[in-house]
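Inspection log for the structure reproduced underneath, given as C-alpha cells.
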Amino acid sequence: MKAKAFFILVLFFFSFNCFSQNNVRAWYADGQVFVIWELAPLPVETYAIYASPTAFNSTDSALFVGRPFFWEYTGKDLKDNLNDQSATYIVPNGQDSTYSLLDTEGLFVFTPHQTDSLYFAVTKWGDNAVVSGQNIADTAVSFICDPVNDPVECHLQRTFISPFNSDYICFAYSMWVDGRQKHWEGRPDFPIMANAAKNGMPGLFLVSVPTDLDPSIPYPLSIWLHGHGGRARQSLAGWREAIDIDPIEGILLAHNDRLHRHAGSNIENDDQVSWHFGWGTTFNPFHSVPLFMDTVINYTQRRYLWVDGWLTEHFNIDTTRINIHGHSMGAVGTTALVKCYPEHYGSATLFSTGCRGPFNTSALVFGSIDQNLPTNLQNRNGDQVKFFDLGDLYTNCSPHRDLPLIRFWHGKKDMNPTNEWGPVTVENFRFCDSTGTGLQSHWSERNHNVSMSADEDDHWIKGDSPFQQTASDNVDFAESRYSSNVSFPAFFNHRLSGKNNDPGTGLIGIDNGDGDNWGTWGGYHRWGGVTETQQLWQTTAWLESNAIFSNDNSPEDFLTADLAIRRPQTFVPLSGEVIAWDVKDVTTGNILQSGTTTVHEDNLVVVPQVEVYKENIRKVLITVTLGTTSIEEFYSESSIINISPNPANEIIFTEPDWSFVSIIDLNGREIKRLKVGTSGQTLDVSYLSSGFYFLIIMTNDRKRKVGSLVKL
Numbered sequence: 004m005k006a007k008a009f010f011i012l013v014l015f016f017f018s019f020n021c022f023s024q025n026n027v028r029a030w031y032a033d034g035q036v037f038v039i040w041e042l043a044p045l046p047v048e049t050y051a052i053y054a055s056p057t058a059f060n061s062t063d064s065a066l067f068v069g070r071p072f073f074w075e076y077t078g079k080d081l082k083d084n085l086n087d088q089s090a091t092y093i094v095p096n097g098q099d100s101t102y103s104l105l106d107t108e109g110l111f112v113f114t115p116h117q118t119d120s121l122y123f124a125v126t127k128w129g130d131n132a133v134v135s136g137q138n139i140a141d142t143a144v145s146f147i148c149d150p151v152n153d154p155v156e157c158h159l160q161r162t163f164i165s166p167f168n169s170d171y172i173c174f175a176y177s178m179w180v181d182g183r184q185k186h187w188e189g190r191p192d193f194p195i196m197a198n199a200a201k202n203g204m205p206g207l208f209l210v211s212v213p214t215d216l217d218p219s220i221p222y223p224l225s226i227w228l229h230g231h232g233g234r235a236r237q238s239l240a241g242w243r244e245a246i247d248i249d250p251i252e253g254i255l256l257a258h259n260d261r262l263h264r265h266a267g268s269n270i271e272n273d274d275q276v277s278w279h280f281g282w283g284t285t286f287n288p289f290h291s292v293p294l295f296m297d298t299v300i301n302y303t304q305r306r307y308l309w310v311d312g313w314l315t316e317h318f319n320i321d322t323t324r325i326n327i328h329g330h331s332m333g334a335v336g337t338t339a340l341v342k343c344y345p346e347h348y349g350s351a352t353l354f355s356t357g358c359r360g361p362f363n364t365s366a367l368v369f370g371s372i373d374q375n376l377p378t379n380l381q382n383r384n385g386d387q388v389k390f391f392d393l394g395d396l397y398t399n400c401s402p403h404r405d406l407p408l409i410r411f412w413h414g415k416k417d418m419n420p421t422n423e424w425g426p427v428t429v430e431n432f433r434f435c436d437s438t439g440t441g442l443q444s445h446w447s448e449r450n451h452n453v454s455m456s457a458d459e460d461d462h463w464i465k466g467d468s469p470f471q472q473t474a475s476d477n478v479d480f481a482e483s484r485y486s487s488n489v490s491f492p493a494f495f496n497h498r499l500s501g502k503n504n505d506p507g508t509g510l511i512g513i514d515n516g517d518g519d520n521w522g523t524w525g526g527y528h529r530w531g532g533v534t535e536t537q538q539l540w541q542t543t544a545w546l547e548s549n550a551i552f553s554n555d556n557s558p559e560d561f562l563t564a565d566l567a568i569r570r571p572q573t574f575v576p577l578s579g580e581v582i583a584w585d586v587k588d589v590t591t592g593n594i595l596q597s598g599t600t601t602v603h604e605d606n607l608v609v610v611p612q613v614e615v616y617k618e619n620i621r622k623v624l625i626t627v628t629l630g631t632t633s634i635e636e637f638y639s640e641s642s643i644i645n646i647s648p649n650p651a652n653e654i655i656f657t658e659p660d661w662s663f664v665s666i667i668d669l670n671g672r673e674i675k676r677l678k679v680g681t682s683g684q685t686l687d688v689s690y691l692s693s694g695f696y697f698l699i700i701m702t703n704d705r706k707r708k709v710g711s712l713v714k715l
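Okay, structure coming up:
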C-alpha cells in the first residue's frame, strides 16, 4: 500500500513538473498576440512557444516561434528599472482594457504578418509533449495584420514621480520586437528588430517629462544612452547631477539595452548587451559559438528609431530637435546612431568613448575585430559599412556627407579597458579638427566616470551645483541650440593656434608632460541666428564670456579658426565656385575681415581664419555669398523693391511674382521665412517688434529682390 502511494506521489510530481506551465491563454490586441501561462514551481531559464493552425499534442507538429529567458518572460528588467520587484507587465487584454501579469505567470508576445488564427502552446525547453487543458490554449487565437488601422503599439507600465527630481513625471513603457531571419521583411508599421532566436524579446524605455511642460507647443526630445552594466533608470531626470541631464524645454528618453543569453547555472545572470546597435543574424543566445562570415544587423538602432516615431505620434515632439547623449557604451551607441542616421539628430553629446567601438567584447555577438564584419548599412559610396568602423568619429556610414554637431568629453585618467584615453582618441580629435567635421572636443583630469569624486580635480566638473560644472554638456544646453534642419558653423584647425591647449599624444595620466591636463578645441564657440538662402549664408558668432561656471568662459579675448558650413539646407555652391565672405562687428557694422575663396571638394564651403571674440567684447556677423562681390555689393546689385505700407503696423502687401519672403533683423538673424501665395495677398507683420528689418524676396523666376521695412 505504501509503495503504491509513493508511486502515485511520484507520478503526480512528475506530471505537475512537466505540465506546470498550464492555463495557457492567448489573445490578440494592438497588432500583436499576447501569450500568458502559469509558471513551473521552480524557476526555469527558458520556455518554448509553439503555434499551429490546428490543435496539436506534440511540438513536432507545430511551428517554434520563440524561446524567452527568465528576465524576459517575468519582466525582470522592468522590476529592476523601477526598483520594485513587485512590478509586473501590464498588457492590453483585447477588450479595451488591460491585464496585469501575476507573479506566477509568464508572458510572450508574437507579431503576426498576416490575418490568421493559431493555437499557442508553452513547454519548458526540451519538453515536446502538449496536453489539452494544460499547456496549450483551449481555442485558436484569431488575429489580423492591419498596419494602418491596428498598428503595433508600446504599452504603458507605470507612471511615477522621478525618484531623483520631483519636478518630473516619468513613464515606463514596454514593447515586444518582431524577430525573423529575413531582416528586410518587417511590417510597414513595425520593422524587424531581432533575429529569429530573439523573437518576442521585450524592449523597455523610460520617459521623463517636466511637470510644467506646455504640451500645446512642439518641444524637443533628448535621448540618453547608458553604459555597459547600466540601466535606463540611470538616465531618469535628476540622476546624473554632475552633467545635468534634466530637460527644461522638452522630454527625456532613456532606453534599456539588454540582450539576454544562456549564462550557465545562474538563470538570472544578465551580462550581454547589443552596444545600442544590434547583433549578427546567426547569433544564438543558447550556444557559445563565435560569429563567422555573418552580417551584423542594426536591430537595436531600428528599435530606437521606431520608438522615436511612436513617441512623436503620442507626444508633441519637434522632430527637428532630437538630440542624443551617451556615456561609455552609450557614447559608442550614440556615435553609431549619428553616423548612420545623421539627418535624424540635431546634435550628439559623447562622454568617455575611446573611438574604437566594442573592440574587446564578445565575438558571439559582433564577430572579432579582425573580421570586422559587414553590417546591413551602406555609406555614400554604396559600400557596406563595417561594424568596427562605427566607433570612430570620421568614417562615413550613411548616404549623407555631414554629421550633426558632436560635443565630446574625455578624461586623461580614463583607464576603462574599452573606452580608455589613448592615441586613438587623440587621433580622432586631430582628424576632426583638421577636416572641420563639427567636433567640439574637451579633455580634462577626470577618469571614466562622469561624477566628481573626492580625489579628482576635473576642469569641467568640480561639483554638482551649476557654479561648479560646465553647462555646455547639459541636456537643456542642446535643447534650444541645435536642429537637424539648420546648418551650423564648424570651427576647426584649433590645434594650429598657440592660444589653444593640446591633448598630447594619448598617454594616460596628468602632469606627465604629455600635453595639457585640460582643454577644448571649439568648446568656447557659440553662434545663433543662422540665415540661409541659395545665394547667402550668415550667422552671428561669439566666444563664451558670461557663463555661470567660470571655466566655461574663454580665457582668450579672441580665437582664430577656419569655418566649414556643415549641413547646409539651401546654400550649396559647387566645388570650384567662388564665394565672398566678410566678418562685421554686430554693434557698429564695421567690416573686420573680408575676402574671397573657392568651394572645396565635395561642395564644402570653408571660410579661412575667422576671428571670433568674447561676447563681452563684440559679437561678429559672418556672411558668405555666392560670387566675388561683397554683401554690400550684392545688396546694391540686387533688385531693390518698395514695401507698402512702410512704415507698417499690421500688414504689408505682396506682389504676384513673389515666391517666398525672408525677414531679417539688424543682427542678421532670420526671424521668419514665409511661402507667398497668389496675387493680392497680404503678409502679417504684427508679431514683429518695433524696429528696422530687411526683407529678402525670391521671385517665381528665382530672382532676388531686397527691401527694407520699418515696423511701428
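Count along the sequence shown from 1, add 3, and you get the number used in the numbering used here. Cβ coordinates follow ideal geometry from the N, Cα and C atoms, glycine included. Source: prediction; values computed, not measured.
Enumerate in chain order the residues of its own chain whose CB-to-CB distance from residue i is below 7 Å, with the five nearest sequence positions on each side excluded.
| i | result |
| --- | --- |
| A550 | A474, N556 |
| P194 | R305, W309 |
| A245 | V453, S454, M455, I464, D467, Q472 |
| T214 | D170, Y171, I172 |
| F434 | Y397 |
| E156 | D33, G34 |
| K587 | N593, I594, L595, V623, L624 |
| T337 | L228, I327, H328, G329, A351, L353 |
Could you name the residues of the same chain whose beta carbon sits closer than 6 Å to that of residue i, not counting the 5 residues immediately before and after it, in chain order?
| i | result |
| --- | --- |
| E614 | F561, T563 |
| W282 | V368 |
| W242 | F167 |
| C343 | L380, C400, S401 |
| P221 | N319, D321 |
| L539 | T628 |
| H528 | F494 |
| S371 | none |
Are the CB atoms of residue i and residue j nearer to each other than 8 Å?
| i | j | result |
| --- | --- | --- |
| F663 | L677 | yes |
| L81 | A175 | yes |
| T536 | F574 | yes |
| A651 | L715 | yes |
| A197 | P293 | no |
| V133 | V36 | no |
| Y696 | I666 | yes |
| L66 | A54 | yes |
| A235 | N259 | yes |
| A90 | R161 | yes |
| P469 | W530 | no |
Residues in the same chain with beta-carbon distance under 8 Å from residue i, minus the five sequence neighbours each way, listed in chain order, please.
| i | result |
| --- | --- |
| I599 | According to the sequence shown, residue 599 is Thr rather than Ile. Counting only Cβ-Cβ distances below 8 Å, and skipping sequence neighbours, we find V581, I582, A583, W584, T631. |
| R383 | N399, S401, P402, H403, R404 |
| I646 | I655, L698, G710, S711, L712 |
| F9 | Residue placement at F9 is poorly supported in this model, since its pLDDT is 39, which falls under 50; the coordinates still yield a value, given next. For F9, where only same-chain residues beyond five positions count, there are no Cβ hits under 8 Å. |
In terms of residues, what are the limits of the alpha helix (DSSP H) holding residue i?
| i | result |
| --- | --- |
| L308 | 302 to 317 |
| G2 | Lying before the first or after the last residue shown, residue 2 is absent from the chain, which here runs from 4 to 715. |
| Y76 | 73 to 77 |
| P426 | 426 to 438 |
Please report the Cβ distance between residue i and residue j, rounded to the nearest whole angstrom; I am assuming they are in contact, meaning their Cβ atoms lie under 8 Å.
| i | j | result |
| --- | --- | --- |
| P71 | G203 | 6 Å |
| F289 | H265 | 5 Å |
| D225 | S165 | Reading off the sequence shown, one finds Ser at residue 225, where the question assumed Asp. That pair is no contact at about 14 Å. |
| H229 | G333 | 5 Å |
| W446 | H413 | 5 Å |
| F280 | N301 | 6 Å |
| E482 | I325 | Contact doesn't hold; Cβ gap of about 10 Å is too wide. |
| H451 | N431 | At roughly 17 Å, the Cβ-Cβ gap does not stay under 8 Å, so H451 and N431 are not in contact. |
| S548 | K617 | 4 Å |
| S355 | H330 | 6 Å |
| G360 | F391 | 5 Å |
| Y92 | L104 | 4 Å |
Assuming residue i is part of the beta strand (DSSP E), what are its boundary residues?
| i | result |
| --- | --- |
| R529 | 528 to 535 |
| A1 | Summary: the structure shown does not reach residue 1, with the chain confined to residues 4 through 715, and so no result is reported for it. |
| K389 | 387 to 389 |
| V709 | 707 to 714 |
Within the region 228 to 262, ranges of the beta strand (DSSP E) (whole runs, at least 3 residues): 254 to 258
Inside the region 109 to 147 only - alpha helix (DSSP H) runs reaching at least 4 residues: none
Complete runs of the alpha helix (DSSP H) confined to the region 307 to 379 [at least 4 residues]: 332 to 343, 366 to 369
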